[in-house]
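Enquirer:
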Amino acid sequence: MSKVLIAGRIPEHAMNILKDAGLDIDVFDDSQNLITKDELSKRVADKDFLITPLSTKVDSDVIDAAPNLKLIANYGAGFNNIDTEYAKSKGIPVTNTPKVSTTSTAEVACALMISLAHRVVEGDQLMRTKGFTGWAPLFFLGHELAGKTLGIIGMGQIGQAVAKRMHAFDMKILYNQRHQLDPATEEKLGAKFASVDDIVKNADVITLHAPATPETHHLLGAKQFKEMKDSAMLINAARGPLIDEAALLEALKNHEIAGAGLDVYEAEPKVDDGFKSLKNVILTPHIGNATVEARDAMAEIVAKNTVAMDKGDKPDYIVNGVEL
């Protein structure tokens with residue numbers, strides 16, 4: 001009987017699939033803490049398959065601790081928590097769970113920009129504390145998004161889903177990615193290809209949906225914040241290291257930009273305390289794909305990929321180029 005280690009609690013849907021396939025399941029079941037490297041190395045030692053949340057680091061030491069390992073199934077669209085190249089050198093495929101997070105993450109990004117523009121969170125805090133004295137013409141003014149320019153950096157599935165939704169809000173869409181979309185898709189989304197520099201200088205809202213790579217590390221920093229409109233807002237529901245957070249904090253304090261909505265962080269799960277005191281910042285705890293629908297779909301992918309490998313079939317979404 002093949003053995004599976006699940007390095008953190010995931011939806012029961014995955015357990016049912018694995019149990020039905022007759023696999024021996026070991027679950028690290030501590031909802032309060034991440035598994036330590038020592039514990040992970042110890043428990044994976046005799047396992048054939050590893051299912052791991054993206055918050056757990058799987059480095060070469062962990063991989064070496066598991067001589068029988070045949071698959072690392074990452075529970076998340078990202079996979080920068082895994083040493084994918086080392087796994088490849090050992091012939092171990094690494095898979096992820098793409099696509100199924102698209103709707104949820106796009107909705108969160110849109111929610112952050114709408115909430116920032118209309119000061120929803122700030123208003124909620126006001127009403128829970130001192131309250132207000134009544135409607136007044138100049139009280140608590142925000143901004144409409146209609147007619148404003150949205151800059152999307154990273155126009156994959158999530159970026160396009162954001163564009164679709166905010167185009168319906170009558171926003172003008174500028175976007176950047178490695179390859180320009182086909183004309184029909186651009187027309188459908190009301191989107192125009194632009195350089196990152198043009199987006200930085202012209203967008204009223206910038207939302208990030210690019211992967212974390214050496215090329216995108218600190219994609220936005222002090223230089224870009226100085227070039228942005230002082231009325232501009234920044235949204236990040238992608239990966240924390242895309243932003244130089246120290247520079248962002250200074251830009252917000254110095255009113256170089258108007259606000260930020262952050263769902264991910266450079267040193268996650270740590271958040272710089274400086275952001276917590278700013279009223280023009282919304283902070284959420286990496287909830288981009290935190291919906292029942294998305295998490296169940298992710299669970300199904302990792303479980304079915306594990307079962308496929310156990311049967312000798314090729315799993316879906318191999319990210320490290322291992323040929324099977």
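Numbering-wise, the sequence shown is residues 1 to 324 according to UniProt numbering. Beta carbons are placed, not taken as given, at the ideal position from N, Cα and C, and that holds for glycine. Bear in mind the structure is a predicted one, so any value in this text is a computation, not a measurement.
1) When the Cα of N320 is compared with those of D244, L23 and A73, which residue comes out closest?
2) Quick one: what does DSSP say F140 is sitting in, helix, strand or coil?
3) Secondary structure at residue 337, three-state DSSP: helix, strand or coil?
4) Please look up how many angstroms separate the CB atoms of K19 and D48, rounded, as I've assumed it's under 8 angstroms.
5) If we call anything under 8 angstroms between Cβ atoms a contact, is A21 one with I51?
6) Distance check for M233 and V121, CA to CA, integer angstroms please.
7) Quick check: I17 and E300, are their CB atoms within less than 8 angstroms of each other?
8) Nearest by alpha-carbon distance to S104: which of D310, A297, G312 and P315 is it?
9) In the DSSP assignment, find the unbroken alpha helix (DSSP H) run with K3 in it and report its ends.
10) Just to confirm my understanding: we take K229, look at its own chain, exclude 5 residues before and 5 after, and list those with CB closer than 7 angstroms. What are they?
11) Anyone know if the C-beta pair for V264 and N236 falls short of 8 angstroms?
12) Could you check the C-alpha separation between residue 351 and R43 for me, to the nearest Å?
13) Count the other CB atoms within 10 Å of the CB of V162; is the residue buried (16 or more) or exposed (fewer)?
14) With G261 as the anchor, note down where its beta strand (DSSP E) starts and where it stops.
15) Output the boundary residues of the beta strand (DSSP E) element that contains V205.
16) Can you tell me whether P183 is helix, strand or coil according to DSSP?
17) Could you spell out the range, first to last residue, of the alpha helix (DSSP H) harbouring T103?
18) Out of I10, I206 and I282, state which residue places its alpha-carbon closest to the alpha-carbon of T149.
19) Just to confirm my understanding: we take D164, look at its own chain, exclude 5 residues before and 5 after, and list those with CB closer than 7 angstroms. What are they?
20) Beta strand (DSSP E) containing V281: first to last residue?
21) Do three or more CB pairs link the stretch 167-175 to the stretch 116-132 at distances below 8 angstroms?
22) Who are the Cβ neighbours of Q160 in its own chain at under 7 angstroms, not counting the five residues just before and after it?
23) For F225, count neighbouring Cβ atoms within 10 angstroms of its own Cβ and tell me buried if that reaches 16, exposed if not.
24) Thinking just about the alpha-carbon of each residue, which of S231, P269, G259 and E227 is nearest to the one in P241?
Expert: The answer reads as follows:
1) A73
2) coil
3) Nothing about residue 337 can be read from this structure; the chain reaches only from 1 to 324.
4) Not really, about 16 angstroms apart at Cβ, beyond 8 angstroms.
5) no
6) C-alpha separation (whole angstroms): 15 angstroms.
7) Yes. Within cutoff.
8) A297
9) No alpha helix (DSSP H) holds K3; the beta strand (DSSP E) holding it covers K3 to I6.
10) D204
11) yes
12) Shown here, the chain extends from 1 to 324; a query on residue 351 therefore has no answer.
13) buried
14) Looking at the DSSP string, the run of the beta strand (DSSP E) that includes G261 is G259 to L262.
15) That run of the beta strand (DSSP E) goes V205 to L208.
16) helix
17) T102 to A117
18) I206
19) Checking the sequence shown, residue 164 turns out to be Lys, not Asp. Excluding positions up to five away in sequence, the list reads L189.
20) V281 to L283
21) no
22) L189
23) buried
24) P269
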